[in-house]
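**Q** The sequence shown begins at 71 in my numbering and counts up one residue at a time.
Note that the Cβ used here is the ideal one computed from N, Cα and C, for glycine as well.
All values derive from a computational prediction rather than experimental measurement.
Pasting a structure here, questions to come.
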Amino acid sequence: MSVKADPCSQPSLMHPDQAIPKLLEQVRPVTDTEVVTLPETLGRVLAEDLASCIDLPPFDNSSMDGYAFRFEDLNSLTHQTTLTLIGSSFAGHCFEGEITPKSCVRIMTGAPVPAGYDTVQMQEETEADGNLIQINHPKSKGANVRRRGEELRQGTKVLKAGVEIKAAELGVLATIGVSQVQVYRQLKVAFFSTGDELRPVGSDLAPGQIYDSNRYSIQGLLSRANVEWIDLGVIPDDPEAIRHAFRNAANQADMVLTSGGVSVGEADFTKQILDEEGQITFWKLAIKPGKPFAMGRIGKAVFCGLPGNPVSSMVTFYKLVWPILNKMQGLTPSTPLFVNAKLTTPIRKQPGRVEYQRGILSRNAQGELEVAITGSQGSGMLTSMMLANCFVLLEQFQGDTPEGTIVTVEPFNSVLC
Ligand code: AMP
Ligand code: MG
């Protein structure tokens, strides 16, 4: 059930729809490009418009195994016709002879249709008796022939600058014979975790210590975001150590990404150092998880500071840092896909912030989309992210939401899957 709260109850919190454009305004796309060979382009962003320099398909070819012939040689569409077999055309091996009236050629899928022929009859609808081929149930003229240029004409624009090369784009580029591609330079992101309580995996925990998990989830996210990452480890809550880490990171990366140390009370070191070494703005966003977020600059690098709570750090990465990276990478912006689904578990929510609760989206026996929350939604409970395949989006002033309500769901995209 939606409950309207007083919108002024937390006046300093900014709605993400308002904040994200402001964050994006602060960064510019890379302009440097490089030419890489086709297999190296996976995950890279195309820096040039590409037109096909060939027709696709490059020649008329068969979409079936069967017999090619001239449609006008058929007696009629309702009666069988017997044609004389004069040769064969296999994929990669053209029929070299001259065609004659009332003739046909054995043809395989992808093989060139001999000049003068225009139709292919699938093998299952023919009968062979030595060199005589009976065409049963003939189809229309042009049946089973993939015409030269029917998919793309030479000179047609196939891909635009700003697209990410994924498996299908790789295949399309290969289809049109492209061997080298101009892409934007890959971004470098240096990251570190801050916190005296954090220990790297492989070490023992003393009382009060926990393992640093954010560096690993961030590493996973950055890999999926197709950037080069530099892991600078765990930095203690010590101003000089943090200053050194910031300088070191800014010297080698386009973005410095940190986790922890941006919440009230903790932010002092980060603020003090970035005020001296660069610039920083603390954002209080009306999102849960993930209210505190910092953005600024140090040297030539963009700085993004994620909250330390593990779920908050992943959600703020996904919602804020990933669009920022996308813009810096030169990617054309994309809009997330939302679907409606029926809630199968009640949701508890305080009005005040937009919430991204972790959910499991599935299809029920009736074929309807339904979504369940992955149990407790604490911002420190990373298993809630692991079990989820979507966010259930709950608007800022929405309150508790009962089972059975149709809710908006954002399936995880390739960064989280
Ligand atoms: P902070 O944002 O530094 O105030 O941290 C908020 C909470 O997240 C605290 O419970 C921290 O112990 C925890 N936390 C901070 N950084 C990490 C990290 N890298 N891995 C796991 N938990 C963390
Ligand atoms: Mg901390």
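Can you name the start and end residues of the alpha helix (DSSP H) that T152 belongs to?
**A** Here T152 belongs to no alpha helix (DSSP H); instead the beta strand (DSSP E) covers 151 to 159.
**Q** Roughly how many whole angstroms lie between the Cα atoms of V105 and L240?
**A** Distance between the alpha carbons of V105 and L240: 15 Å.
**Q** Can you determine whether any heavy atom of the ligand AMP sits closer than 7 Å to the C-beta of L302, and answer yes or no?
**A** L302 Cβ: outside cutoff for every heavy atom of the ligand AMP.
**Q** Buried or exposed for I177, going by 16 or more other Cβ atoms inside 10 Å?
**A** Buried, by the Cβ-count rule.
**Q** Would DSSP call D87 helix, strand or coil?
**A** The answer is helix: DSSP assigns D87 an H, G or I state.
**Q** Here's the rule: buried if 16 or more other CB atoms are within 10 angstroms of the residue's CB, otherwise exposed. What is G186?
**A** By the neighbour-count rule (16 or more Cβ atoms within 10 Å), G186 is not buried but exposed.
**Q** Does at least one heavy atom of the ligand MG sit under 7 Å from the Cβ of G330?
**A** It does: the Cβ of G330 is within 7 Å (strictly closer) of some heavy atom of the ligand MG.
**Q** Can you list, in chain order, the residues of its chain whose CB lies under 8 Å from that of L108, leaving out five sequence neighbours each side?
**A** Correct list, in chain order: L240, L243, A244, V248, S249, Q250, V251.
**Q** Return the CA-CA distance between V488 and N434, expressed in angstroms with no decimal places.
**A** Given a span of 71 to 487 for the chain in the structure shown, any question on residue 488 remains unanswerable.
**Q** Run through DSSP, which three-state label would M456 get?
**A** Correct three-state label for M456: helix.
**Q** Using a Cβ-based criterion (distance less than 7 Å to any ligand heavy atom), does D308 qualify as near the ligand AMP?
**A** It does not: the Cβ of D308 is nowhere closer than 7 Å to a heavy atom of the ligand AMP.
**Q** Could you pull the start and end residues of the alpha helix (DSSP H) that T340 belongs to?
**A** Where T340 is concerned, the enclosing alpha helix (DSSP H) stretches over 337 to 347.
**Q** Less than 7 Å separating the Cβ of D125 from some heavy atom of the ligand AMP?
**A** Checking the Cβ of D125 against the ligand AMP gives no.
**Q** Taking all protein chains shown into account, decide if S449 is buried (16 or more other Cβ within 10 angstroms of its Cβ) or exposed.
**A** The residue in question, S449, is buried, as its Cβ has 16 or more Cβ neighbours within 10 Å.
**Q** Is DSSP giving T478 helix, strand or coil here?
**A** In the structure shown, T478 sits in a strand (DSSP, three-state: E or B).
**Q** Please confirm whether any heavy atom of the ligand AMP lies closer than 7 Å to the CB of I305.
**A** The answer is no for I305.
**Q** Below 7 Å CB to CB, which residues in the same chain sit around R367 once its five sequence neighbours on both sides are set aside?
**A** For R367, where only same-chain residues beyond five positions count, the Cβ hits under 7 Å are G348, Q349, F373.
**Q** Relative to the C-alpha of I268, which residue among R294, G303, A295 is closest?
**A** As written in the sequence, residue 268 is Leu, which differs from the Ile given in the question. When each option's Cα is compared against that of L268, the closest is G303.
**Q** Assuming M384 and L291 are in contact, meaning their beta carbons sit under 8 Å apart, how far apart are those beta carbons, in whole angstroms?
**A** Going by Cβ atoms, the distance from M384 to L291 rounds to 7 Å, so yes, they are a contact pair.
**Q** G278: beta carbon under 7 Å from a heavy atom of the ligand MG?
**A** No; taking the cut-off as 7 Å, the Cβ of G278 has no heavy atom of the ligand MG nearer than that.
**Q** With DSSP run on the structure shown, which of helix, strand or coil describes M384?
**A** Of the three classes helix, strand and coil, the one that applies to M384 here is helix, per DSSP.
**Q** Starting from the N-terminal side, write out each stretch of the beta strand (DSSP E) that is 3 residues or longer and does not extend beyond the region 202 to 249.
**A** Listed in chain order, they are 202 to 205, 227 to 229.
**Q** Expressed to the nearest angstrom, what Euclidean distance is found between the alpha-carbon atoms of F261 and Q466?
**A** Cα to Cα, F261 sits roughly 31 Å from Q466.
**Q** Among R223, A161, D301, T179, which one has its Cα closest to the Cα of L120?
**A** Nearest C-alpha to L120: R223.
**Q** Is there at least one non-hydrogen atom of the ligand MG closer than 7 Å to the beta-carbon of G378?
**A** Yes, the ligand MG has a heavy atom inside 7 Å of this Cβ.
**Q** For the alpha helix (DSSP H) that A315 lies in, which residues bound it at each end?
**A** Run containing A315: 309 to 322, per the alpha helix (DSSP H) assignment.
**Q** Can the beta-carbon of L457 be found closer than 8 Å to that of T471?
**A** Against a cut-off of 8 Å, the Cβ pair of T471 and L457 comes out as no contact.
**Q** Apart from the five residues just before and just after Q289, which ones in its own chain have a Cβ nearer than 7 Å to its Cβ?
**A** Around Q289: W299, D301.
**Q** Run through DSSP, which three-state label would N483 get?
**A** If DSSP states are grouped into helix, strand and coil, N483 belongs with coil.
**Q** Can you tell me whether D282 sits near the ligand AMP, meaning its C-beta is under 7 Å from at least one heavy atom of the ligand?
**A** Result yes, Cβ under 7 Å from the ligand AMP.
**Q** On the three-state DSSP scale, how would you describe K419?
**A** Note: K419 maps to coil in three-state DSSP.
**Q** Let me check one thing: in DSSP terms, what residues is V424 bridge-paired to?
**A** I357.
**Q** Given a threshold of 16 other Cβ atoms within 10 Å of its Cβ, counted over all protein chains shown, does R216 qualify as buried or as exposed?
**A** So R216 counts as buried.
**Q** Only counting the same chain, and skipping five residues up and downstream in sequence, which positions put a Cβ closer than 8 Å to that of V73?
**A** Unreliable placement is indicated for V73, whose pLDDT of 39 sits below 50; the coordinate value is still reported in the next sentence. Answer for V73: P421, F467, Q468, G469, D470, listed in chain order.
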